[in-house]
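*Asks:* Structure provided below as structure tokens; questions to follow.
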Amino acid sequence: MNPIFADLPTTVFETMSRLARETGAVNLGQGFPDDPGPEDVRRKAAEAVVGGWNQYPPMMGIPELREGIARHYAHWQGMSFDPGTEVMVTSGATEALAGALFALIEPGDEVVLFEPMYDAYLPLVRRAGGVPRFVTLTPPQFGLTEEALAAAFSERTKVVLFNNPLNPAATVASAEDLELLARFCIRFGAVAVCDEVWEHVVFDGRRHVPLISLPGMRERTVKIGSAGKIFNLTGWKVGFVCACPEILRVLAKAHQFLTFTTPPNLQAAVAYGLGKEDGHFEALRADLARSRDRFTAGLRDLGFAVLPSAGTYFLNIDIAPLGEADDVSFCRRLVEEHGVAAIPVSAFYAERAVANLVRFCFAKRDETLDAALERLAGLA
Ligand code: PMP
Ligand code: GLN
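Per UniProt numbering, the sequence shown starts with residue 1, numbered consecutively.
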């Protein structure tokens, strides 16, 4: 058995959700909304199944969805992707990440990773034979510096794996950070795999800027998105990749032997959803921002130190002022003794460089957030 996977613990998200189920805790750990998602989009998926759309769809995705993705990014991000050669549908962003890393990395290639990093990244990079080079980002800004990039990049750098907006930090990269990163990718000839699953979940008037839109990045960036986050339907696992034809052709070779296709009814429903008017997406964001504000205010009233959240379903609290130094044991006590599941942010660092932050998912109904706040009373 390969130790890269054999020696791994179960993901923190699954572990926390299981603990929450077993203890009856309010689950603010794993990132998923407790609302069912947009009814018309769900209805489209059901109609497509009943209507008979159940056999293998084309490997690259149904044309309606590939065109829908291209149109959507043209409208929202000013990008121009050719749906025939630059867009591919995958089974979630996770498959897109795995496929991109397997297709782009040769054993011994260096891969620049920014921590905190989504938990799938490191095992996939290692299994692809990549040698990780970490850039450690720290609260509250989680920003890049020229010195940190200079220390991580080398002539052997092949791939840079960048997540923006950043889970779990809930930050959005500044224009300066994007420019700095682009400059390093170009200087060292690296391909940027950009995980932008949270691109629509940005608040307070922010606009997502894809790394691929920066000068010199069009031919060296793999842009990854996920309908799960765009429509609050996280279980659907419909992802997409946009890249120049030379790169996408290679990614497609990995895709054909990872999953080959993605359920056609879900693709049809996502194609329909992506074409919805701007107001739909703005309402989803506004709703999430309202939940963020409600939960932030509630936590602050209880005395917790809350970090700002510029995007994603998440916010973090700093437990250092509570005299706590270990986020893992804090989260264990939180779920077992107080009935609230959360995620220790150290799980996103290779060496637990940051262990004083705890992540909560606020993409929940008011009753759920209020129930959690009631249970957290007296802790701060
Ligand atoms: N990347 C990041 C940063 C995520 O937060 C998530 C899930 N929340 C994923 C990838 C996985 O996306 P999907 O469910 O579409 O595979
Ligand atoms: N991305 C989700 C989160 O950050 C979890 C997805 C998963 O459970 N793998 O909570």
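No residue lacks a Cβ here, since even glycine has one placed at the ideal position from N, Cα and C.
Are at least three pairs of beta-carbons, each pair with one atom in the region 182-194 and one in the region 51-63, less than 8 Å apart?
*Replies:* no
*Asks:* Can you say whether residue 381 is buried or exposed, counting buried as having 16 or more other CB atoms within 10 angstroms of its CB?
*Replies:* Since the first residue of the chain shown is 1 and the last is 380, residue 381 is not available in this structure.
*Asks:* Taking C-alpha atoms, which residue in Thr262, Arg183, Glu14 and Asp177 lies nearest to Arg66?
*Replies:* Thr262
*Asks:* Is Asn265 near the ligand PMP, going by C-beta to nearest heavy atom under 6 Å?
*Replies:* Result no, Cβ not under 6 Å from the ligand PMP.
*Asks:* Output the residue ranges of the alpha helix (DSSP H) runs that lie fully inside the region 74-132 and measure 4 residues or longer, sorted by chain position.
*Replies:* 92-104 and 121-127
*Asks:* Would you call the region 106-121 and the region 246-265 in contact, with 3 or more CB pairs under 8 Å?
*Replies:* no
*Asks:* Just checking Val197 against the ligand PMP - is the residue's beta carbon closer than 6 Å to any of the ligand's heavy atoms?
*Replies:* Shortest gap from the CB of Val197 to any heavy atom of the ligand PMP: under 6 Å.
*Asks:* Identify the continuous beta strand (DSSP E) that holds Cys361 and give its terminal residues.
*Replies:* Leu357 to Cys361
*Asks:* The ligand GLN and Asn167: does the residue's C-beta get closer than 6 Å to at least one heavy atom of that ligand?
*Replies:* Using a cutoff of 6 Å, the CB of Asn167 counts as near the ligand GLN, since one of the ligand's heavy atoms is closer than that.
*Asks:* Look at the Cβ atom of Tyr118, then the Cβ atom of Asn167, and state whether they are nearer than 7 Å.
*Replies:* With a cutoff of 7 Å on beta-carbon distance, Tyr118 and Asn167 are scored as near each other.
*Asks:* Let me know if Ala74 comes out buried or exposed under the rule of 16 or more other beta-carbons within 10 Å of its beta-carbon.
*Replies:* exposed
*Asks:* Tell me the rounded alpha-carbon separation between Gly239 and Leu302.
*Replies:* 38 Å
*Asks:* Is the region 332-341 touching the region 358-376, taking contact as three or more C-beta pairs under 8 Å?
*Replies:* yes
*Asks:* Tell me whether Arg206 is buried or exposed, calling it buried when 16 or more other Cβ atoms sit within 10 Å of its Cβ.
*Replies:* Its Cβ having fewer than 16 others within 10 Å, Arg206 is exposed.
*Asks:* DSSP has Pro344 in a bridge; who is on the other side?
*Replies:* Val358
*Asks:* For Asp293, name the three-state secondary structure that DSSP assigns.
*Replies:* The DSSP-derived three-state label of Asp293 is helix.
*Asks:* Gly129: beta carbon under 6 Å from a heavy atom of the ligand PMP?
*Replies:* no
*Asks:* Among all the DSSP beta bridges, which residues are the ones paired with Lys364?
*Replies:* DSSP output for Lys364 lists no bridge partner at all.
*Asks:* Any heavy atom of the ligand PMP closer than 6 Å to the beta-carbon of Asn164?
*Replies:* no
*Asks:* Output needed for Phe32: all residues of its chain with C-beta closer than 6 Å, excluding positions within five of it in sequence on either side, in chain order.
*Replies:* Thr234
*Asks:* Answer yes or no: the CB of Ala150 versus the heavy atoms of the ligand PMP, is any distance below 6 Å?
*Replies:* No.
*Asks:* Within 10 angstroms of its Cβ, does Leu8 collect 16 or more other Cβ (buried), or is it exposed?
*Replies:* exposed
*Asks:* Using the beta-carbon count (16 or more within 10 Å), is residue 449 buried or exposed?
*Replies:* With the chain covering 1 to 380 only, the question about residue 449 has no answer from this structure.
*Asks:* Starting from Lys223, trace the beta strand (DSSP E) both ways and give me its first and last residue.
*Replies:* Thr221 to Ser226
*Asks:* Just checking Thr94 against the ligand PMP - is the residue's beta carbon closer than 6 Å to any of the ligand's heavy atoms?
*Replies:* It does: the Cβ of Thr94 is within 6 Å (strictly closer) of some heavy atom of the ligand PMP.
*Asks:* What does the alpha-carbon distance come out to for the pair Thr145 and Met88?
*Replies:* 33 Å
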